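To start, the structure itself, in structure tokens.
In my numbering, the protein residues as written are 3 to 565.
Right, dumping it as structure tokens:
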């Protein structure tokens with residue numbers, strides 16, 4: 003149905019979007035309607051000049067509606083420095099503009115747009131653009147310092163991306179600089195070509211010693227070489243597996259597989275990829291699925307054929323794991339937990355207050371028989387989320403917990419007089435410790451058993467750090483399975499981008515010495531080409547076929563030839 007008539011339709015939200023043709027800000031509605039005889043959630047919008055557009059947001063309306071309750075706007079950036087007020091409104095004023103409602107968890111920098119592949123689906127590499135963009139070490143320090151100076155909550159995680167970041171010979175120095183400037187977790191996004199080479203284990207060791215905490219490895223198929231030929235231009239299946247082998251040789255634990263899922267191309271690989279992660283759980287600690295963003299001119303009928311949503315992914319995961327329910331939660335469901343755990347132990351603050359439509363996460367546990375189990379088998383996740391929300395509300399109000407209830411009263415002796423029986427003028431330290439004890443006591447109600455992953459989960463609650471969270475997954479019993487559905491101009495939702503937690507940092511081409519800070523989806527859908535064209539240090543003519551041929555030669559020589 004191609005109409006903006008909303009009469010009799012359930013409207014979940016009214017928001018702003020962009021016209022896919024002219025990119026002007028326009029009104030959009032998230033509505034319930036029929037899709038081939040089944041209910042679905044659509045985005046519908048109309049541009050006065052270019053007409054009506056619609057996209058599929060979810061094929062599971064009950065799940066979508068449940069997720070909408072997880073709005074947790076927390077704190078925005080106090081020291082915004084926007085030099086680009088275009089008068090066009092969000093998302094055209096990025097810099098960072100006054101309309102942004104969250105503080106970033108992850109600072110993301112493209113350290114180069116050079117790449118040793120020429121992937122047909124890529125929007126960022128030099129062979130696709132015809133120019134090179136590569137910040138100097140001095141510029142990188144300026145960008146990193148900008149992020150660490152954000153107030154009141156600077157990002158503690160840094161993601162180095164590209165292009166292909168391993169194309170830089172000084173990558174180890176960049177990682178070390180990020181660590182020195184205070185980033186707790188440094189992630190490397192890579193196609194893994196260089197990590198799969200003969201000297202791959204040595205490079206992995208040097209990066210890890212410099213401070214690299216995670217490898218985000220693009221991984222589009224576990225057993226189908228044709229997928230790589232279509233998506234990446236060359237068969238990379240053995241190369242991807244060699245990265246895992248080299249990490250094992252280097253004694254490195256902390257690889258996250260990052261599949262880009264395209265409908266009709268590799269959506270059949272969701273199960274095999276999870277199976278591969280399970281079989282290599284001594285190295286692989288998680289899988290982050292990314293439904294592909296659509297580009298080019300696509301009509302409304304084609305959208306229905308091409309769009310792969312997070313609801314499709316959740317169904318595929320449930321089918322592979324043979325679980326009746328998927329037990330997934332939108333990312334902001336744990337927002338108050340991240341706030342609370344950082345607050346009561348004076349840990350570096352961070353918050354997961356993204357929009358609920360941005361993605362989901364769940365913790366899954368593989369057993370020795372090759373079966374998947376959900377974390378909900380060990381504790382009541384919904385119960386802990388509600389309990390966390392309650393305790394955080396006490397903190398926000400500055401209230402003391404009451405330990406006189408029928409459940410908590412018996413625990414008061416166990417945790418001492420600091421639970422609820424404290425003086426009103428107690429120190430900040432005592433208040434935080436009282437809240438921590440109160441929270442842990444209440445959380446025990448929701449634990450169903452103390453074996454398996456709970457052995458590592460409780461220490462993470464007691465000593466909340468990104469390091470202890472990493473240990474939780476590196477212990478080998480649990481795996482993070484999640485999704486990030488990045489936006490394109492067809493499903494662009496201003497409310498989502500205003501709550502984005504992953505911000506690009508780049509030098510401002512119009513204001514020397516200044517840093518542009520742009521939410522991820524706004525960068526890739528709206529701003530990238532204009533910014534990078536101005537920043538380009540050199541214009542190059544690169545033949546994608548030549549790049550792919552060199553990649554194939556590299557794989558045959560460095561990967562297959564070294565067996």
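Positions of the beta carbon are idealized from the N, C-alpha and C atoms, including for glycine. Since this is a predicted model, take the numbers as computed values, not measurements.
Tell me the rounded alpha-carbon separation between residue i and residue j.
i, j, result
"residue 117", "residue 559", "18 Å"
"residue 377", "residue 158", "26 Å"
"residue 312", "residue 429", "46 Å"
"residue 417", "residue 404", "In this prediction, residue 417 scores a pLDDT of 42, lower than 50, which makes its location untrustworthy; the coordinate-derived value is nonetheless stated afterwards. Roughly 13 Å between the two C-alpha positions."
"residue 75", "residue 231", "42 Å"
"residue 408", "residue 440", "With a pLDDT of only 44 at residue 408, under 50, the local geometry of the prediction cannot be trusted, and the value read off the model is given with reservation. When rounded, the distance between both Cα atoms is 14 Å."
"residue 63", "residue 31", "15 Å"
"residue 539", "residue 162", "20 Å"
"residue 25", "residue 237", "36 Å"
"residue 14", "residue 33", "6 Å"
"residue 102", "residue 114", "27 Å"
"residue 180", "residue 51", "46 Å"
"residue 280", "residue 372", "8 Å"
"residue 387", "residue 314", "25 Å"
"residue 547", "residue 529", "27 Å"
"residue 56", "residue 356", "24 Å"
"residue 445", "residue 144", "42 Å"
"residue 287", "residue 277", "13 Å"
"residue 68", "residue 358", "10 Å"
"residue 183", "residue 38", "53 Å"
Closest to residue i by C-alpha separation, out of the options, would be which residue?
i, options, result
"residue 65", "352, 330, 522, 488", "330"
"residue 80", "92, 371, 99", "99"
"residue 344", "434, 55, 320, 261", "434"
"residue 342", "224, 394, 495, 233", "394"
"residue 317", "270, 499, 255, 227", "270"
"residue 282", "262, 242, 321", "242"
"residue 537", "138, 184, 229", "138"
"residue 567", "32, 285, 193, 34", "This structure cannot speak to residue 567, because the chain is shown only from 3 to 565."
"residue 141", "15, 546, 544, 508", "508"
"residue 11", "35, 459, 29", "35"
"residue 21", "40, 54, 133, 42", "54"
"residue 186", "60, 160, 86, 561", "160"
"residue 554", "121, 401, 498, 218", "121"
"residue 217", "226, 96, 250, 532", "250"
"residue 221", "201, 264, 96, 255", "264"
What first and last residue would you give for the alpha helix (DSSP H) that runs through residue i?
i, result
"residue 399", "383-399"
"residue 554", "546-556"
"residue 216", "First-last for residue 216: 214-220, but that is the beta strand (DSSP E), not the alpha helix (DSSP H)."
"residue 223", "Premise fails: residue 223 is in no alpha helix (DSSP H) and is neither H nor E."
"residue 315", "312-323"
Just to confirm the assignment, what range does the beta strand (DSSP E) spanning residue i have?
i, result
"residue 506", "504-509"
"residue 533", "Here residue 533 belongs to no beta strand (DSSP E); instead the alpha helix (DSSP H) covers 530-537."
"residue 122", "That residue, residue 122, is in no beta strand (DSSP E); it is neither H nor E in DSSP."
"residue 489", "Where residue 489 is concerned, there is no enclosing beta strand (DSSP E), given that its DSSP letter is neither H nor E."
Hey, would you say the C-beta of residue i is under 7 Å away from at least one heavy atom of the ligand GDP?
i, result
"residue 79", "Absence of the ligand GDP from the depicted structure is noted, as is the absence of any ligand whatsoever, leaving it without description."
Quick one: does residue i have its CB under 8 Å from some CB of chain D?
i, result
"residue 481", "The structure shown contains no chain D, having only a single protein chain."
Discussion item. Please give me, in chain order, every unbroken run of the beta strand (DSSP E) with length at least 3 that falls completely inside the stretch 38-112.
Written reply: 40-49, 53-60, 108-112
Discussion item. Count Cβ pairs between the stretch 138-153 and the stretch 503-521 that sit closer than 8 Å; are there 3 or more?
Written reply: Three or more beta-carbon pairs drawn from the stretch 138-153 and the stretch 503-521 are found closer than 8 Å, and the two stretches are therefore classed as touching.
Worksheet item: What are the start and end residues of each continuous alpha helix (DSSP H) run of 4 or more residues lying completely inside the stretch 284-308, in chain order?
Response: 302-308
Item to complete: Flag this pair as touching only if the stretch 480-496 and the stretch 291-305 have three or more C-beta atom pairs under 8 Å; answer yes or no.
Response: yes
Worksheet entry | Cβ contact (3+ pairs, closer than 8 Å) linking the stretch 161-178 and the stretch 200-217 | yes
Item to complete: Could you tell me whether the stretch 432-452 touches the stretch 371-385, where touching means 3 or more Cβ pairs closer than 8 Å?
Response: yes
Worksheet item: Along the chain, which unbroken stretches of the beta strand (DSSP E) at least 3 residues long are found entirely within the stretch 126-182?
Response: Scanning the stretch 126-182 for uninterrupted beta strand (DSSP E) segments of 3 residues or longer gives 159-163, listed from N- to C-terminal end.
Discussion item. Check whether the stretch 301-311 and the stretch 361-373 touch, using three or more Cβ-Cβ pairs below 8 Å as the test.
Written reply: no
Worksheet item: Does the stretch 334-341 come close enough to the stretch 46-60 that 3 or more CB-CB pairs lie under 8 Å?
Response: no
Worksheet item: Hey, which unbroken runs of the beta strand (DSSP E) at 3 residues or more fall wholly within the stretch 345-381?
Response: 361-368, 374-376
Fill in: Cβ pair count under 8 Å reaching 3, the stretch 103-112 against the stretch 495-515
yes
Item to complete: Indicate whether the contact test is met: 3 or more Cβ pairs, each with one atom in the stretch 193-212 and one in the stretch 264-279, closer than 8 Å.
Response: no
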